[in-house]
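Note sheet for the following structure.
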Amino acid sequence: MFFIEVILPLSLAKTFTYRVSEAEFHFIKKGMRVAVPFGKSKIYTALVLDIHENAPTLYEAKEIHQILDERPIATEIQIKHWLWVANYYMCGIGDVYRGAFPTGLLLESETIVSHKPDVVVNDSELSDDEFLIYEALQHQSSLKVQEIASILNRKNILPILQKLIARDIIFLEEEIKESYKPKLVRYVKLHSKYETDQGLGSLLDILKNDKQKEIVLAYFQISASEKKPVTVKKLVEVSGSSSSVVKTLVKNEILEEYLLQQDRVLFTGEKSEKELLLSEAQQNAFTAIKQSLTEKEVCLLHGVTSSGKTEIYIKLIEEYLHTGRQVLYLLPEIALTTQLVSRLRLHFGDKVAVFHSKYSNNERVEVWKQTLENSEKAQIVIGARSALFLPFNDLGLLIVDEEHEQTFKQTDPAPRYHARDAAIVLANFHNAKVLLGSATPSIETYFNTQNDKYGLVTLTERYKNVRLPEVVLVDLKDKHFRKRMTGHFSDLLIEEITEALSLGEQVILFQNRRGYSPIIECLTCGHVPHCQQCDVSLTYHKFKNQLRCHYCGYAIAKPTNCHSCSSIDLTTKGFGTEQIEQELASLFPKAKTARMDQDTTRGKFGFEKIIDTFKNREIDILVGTQMLAKGLDFDNVSLVGIMNADNMLHHPDFRAFERSFQMMTQVAGRAGRSEKQGKVVIQTYNPNHNTIQQVTNHNYNGMYKEQLYDRQIYKYPPYFRIIKLTIKHKDFDKLKEGSMWLYQVLSQNLNIPVLGPEEPAISRIRNEYIRTILIKIPQNMHLGNTKKTIQKMLNSFEAVAQYRAIKVVVNVDFY
Ligand code: ADP
Ligand code: ZN
Ligand code: ZN
């Protein structure tokens, strides 16, 4: 008898055994997909992990439906890495498999497919079965795979569906079809012949045509008053002329036209990014990195904001490309890829592939296959954390940019992996090197450099020697006392904004809270409206006139009376981005403002759109949440205002100070990216707080030392590894009892600190009560064995009948 061992795309730790024929046995290889029956009537796409002759002992092996691949579609190293992830992060291998594969490669009975309404198909191009499916979908816009199987009255339909998907005739329901192209704005400037001051006089002499004169005069008028690049649109508007006249002027070489997004470089006076020349400091860092990577697997590039880390990555990638090996470039945020891709394509042309959950299935499948085949087209793969699970053949270099970003850690669903750490393990399997980059490295990573585990290269100067921004602190207590506040703006901040705007420079305002104000409170009885399903107060969104829960989306219209005592004396407390934007409207009525937070970037490409408009200088003041802190490169921002530094500092979390430092330093780093030194105004009630002082003095080392000291005393990473268990149930008493049971078993069996079961700050979400248990594993303790013990305890917890319905989420290296 012949068997295969497979992974199912379900949240299961086990693998399953299926029977195959002898011929199949000889054909099947590890890493191929097979369609298998599971449960009563389900079909799944399973992945072959092993081929053997051992019948399972606990159940009778079913036969597979069919083999889906002719060649392996996953590599052995890749599967080995998945197994590591499942084991290390204590989740099912099925979770990793499911998270790794593009859904297009994972068809199952419940998958919903639809036909593309705009596609006209020639019937004769379709096989009989294909035609039947196509026809069925004409009558019903969408069908489950299972339903299609019964229409065709056969089980083996996955390959047919796959062909139709590949040919773009049908698609999977969850797919996103929108794709985004950065907007290109047409700008004009005076042709270089006339750039001197005498230009205008001689120019007006040359021009015979009045309409043309009007345009040139308007051009001078706009550029003198606005000190901004002049768009064609504006020029036409002001001159009252038409764009065809502008075209003629361009043709006659009086004006020059350029597109800002694409040719942003022209703007800074650079020639072409193609001839990339490193500055001396960058060159030194580059040499040091190469040296370090000959000795160590991992090197950290600690380079201040705007030091040109990307340029160094590009140089390093260039070197690895010569070896023919693959390069993976991980970013913390999908929205940043658009910017980076165009930068990388300038150097590497079509060798750059992007892998990203917002891309369509076919695009993702394509990158998957290119990576698998070691195609030149995917020699450099850029992506957010999930790109880590692609079928690389021969990785040579992995770059993790902004390595400190917490978005590298997946929280939900499993696998709850940290992409930076999993990248280092993957590199090890490939014998590849890792470069981590950040202006504000995580404590863990920096600790590893101090221990000589990782190399360290420091770049302390910004590109072109632009100075780091000057940080000015505003004591809010004092300003309030002396009545120097207008809304949430201090007089100083208002002055600085006024000045920046008058110089045609842009401003960023940071407030780490969205909405209008966090809380509505009754002045009579103190009642604060809470979410019905979660233990949090509702946030007031003025624009929609709603109170919303930021955890479950629950929303009600803003009440006019207190729900508790009917009083109409309601007041708002605290403030969010929406309120800042509104205050700006009355403080700076002429300025164009925009807001970047979860509420305004919800559309598929909302984030990119706002970034582009800001880059194109169509926005003067950008207000936003922590999204602003993510490695964005703007060249005209001279002022950054941090509206309130305190709510970050007071977050109940052992990383709060580290994160506050990173966030403020990163946001501050957006200021002063051209020749001029930028300015950062931090408004705070605690100007003497150590973290604030460290931000002000650009003192990373001070922050690091202080935090490290605290971490040791309070038993946190890097000295202790943390596993957090989140225990959830609808029944409060049962949860209380169950979590206590689990806590006791754990602390009796583990000879290490186990804390809890704690009621977290938000102790109920979507009607489920929550308790947490924290397990702290010291460095000298065997991690694998400890996890095994924990897993055993979790298994016995699951075996207790009355606790079976209680969910336990395991988060290893909790962030
Ligand atoms: P970081 O990632 O370190 O904050 P970036 O890589 O975004 O910095 O660089 C900041 C700016 O300086 C970018 O606009 C980049 O194009 C420019 N820059 C940096 N180094 C060079 C170089 N060697 N040649 C040309 N431009 C550079
Ligand atoms: Zn009341
Ligand atoms: Zn809620």
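Residue numbers (full-length UniProt numbering): 1 to 815. A virtual CB, placed ideally from N, CA and C, is assigned to each residue, including glycine.
Query                                                                                                                      : Result
Min CB distance K630 to chain E below 7 Å                                                                                  : No chain E appears in this structure, which consists of one protein chain only.
Simplified DSSP assignment, three categories, for D50                                                                      : strand
E402 burial status per 10 Å Cβ neighbour count (16 or more: buried)                                                        : buried
For L459 and D263, the rounded distance between their alpha carbons                                                        : Confidence at D263 is low in this model, with a pLDDT of 27, below 50, so its placement is unreliable and the value that follows should be read with caution. For D263 and L459, the distance between alpha carbons rounds to 27 Å.
Contact test: G383 Cβ vs ligand 1 heavy atom, cutoff 6 Å                                                                   : no
Through-space distance from Q677 to I176, alpha-carbon basis                                                               : Only weak support exists for where I176 lies, its pLDDT of 37 falling under 50; the value from the coordinates is given anyway. Distance between the alpha carbons of I176 and Q677 is about 42 Å.
Beta-carbon contacts of Y313 that lie in its chain and below 6 Å, excluding the five residues immediately before and after : I399
Beta-carbon proximity of T577 to R595, cut-off 7 Å                                                                         : yes
Residue span of the beta strand (DSSP E) that contains R595, given as start and end                                        : 593-596
Inter-residue spacing [alpha-carbon to alpha-carbon] between L278 and Q339                                                 : 20 Å
Whole-angstrom C-beta distance between V85 and P415, which should lie under 8 Å                                            : 5 Å
Cα-Cα separation between P529 and D535, rounded to whole angstroms                                                         : 11 Å
Distance between Y359 and S179 (C-alpha atoms, nearest Å)                                                                  : Residue placement at S179 cannot be trusted, given a pLDDT of 41 that sits under 50; what the coordinates show is reported in the next sentence. Spanning the two alpha carbons is a distance of roughly 8 Å.
Environment of K807 [buried if 16+ CB atoms lie within 10 Å]                                                               : exposed
Burial state of E135, where buried means 16 or more other Cβ atoms lie within 10 Å                                         : exposed
G672 CB to nearest heavy atom of ligand 1 below 6 Å                                                                        : no
8 Å contact criterion, which L388 and A432 should meet: CB distance rounded                                                : Not really, about 12 Å apart at Cβ, beyond 8 Å.
C-beta atoms of G94 and L152 nearer than 7 Å                                                                               : no
Cβ pair P753, R771 closer than 7 Å                                                                                         : no
Beta-carbon proximity list for E759, same chain, < 7 Å, skipping 5 on both sides                                           : R771
For D263, the three-state DSSP class (helix, strand or coil)                                                               : Confidence is the limiting factor: at D263 the pLDDT is only 27, short of 50, which leaves the residue's position unreliable, though a coordinate-based value still follows. Correct three-state label for D263: coil.
Collapsed DSSP secondary structure at M485 in the structure displayed                                                      : strand
Buried versus exposed, by CB contacts within 10 Å (16 or more), G240                                                       : exposed
Residues surrounding ligand 3 [beta-carbon distance to nearest heavy atom under 5 Å]                                       : C531, Q533, C534, C549, Y551, C552, Y554
DSSP state of E798 mapped onto helix, strand, coil                                                                         : helix
Three or more C-beta pairs below 8 Å linking the segment 688-700 and the segment 735-751                                   : no
Buried versus exposed call for M1 [16 or more other C-beta atoms within 10 Å across all chains shown]                      : exposed
Whole-angstrom distance between L8 and I15, CA atom to CA atom                                                             : Residue 15 is actually Thr in this sequence, not Ile. Looking at the two C-alpha atoms, the distance is approximately 7 Å.
Heavy atom of ligand 1 within 6 Å of G678 beta-carbon                                                                      : no
Under the three-state DSSP convention, the category H563 falls into                                                        : coil
Near ligand 1: L278 beta-carbon under 6 Å from a heavy atom                                                                : yes
Three-state class that DSSP yields for P9 in the structure shown                                                           : coil
Three-pair Cβ contact test at 8 Å for the segment 452-466 versus the segment 542-549                                       : no
Environment of Y709 [buried if 16+ CB atoms lie within 10 Å]                                                               : exposed
Paired residues, beta bridge with S114 - DSSP                                                                              : S142, F171
Proximity test, T337 beta-carbon vs ligand 1 heavy atom, cut-off 6 Å                                                       : no
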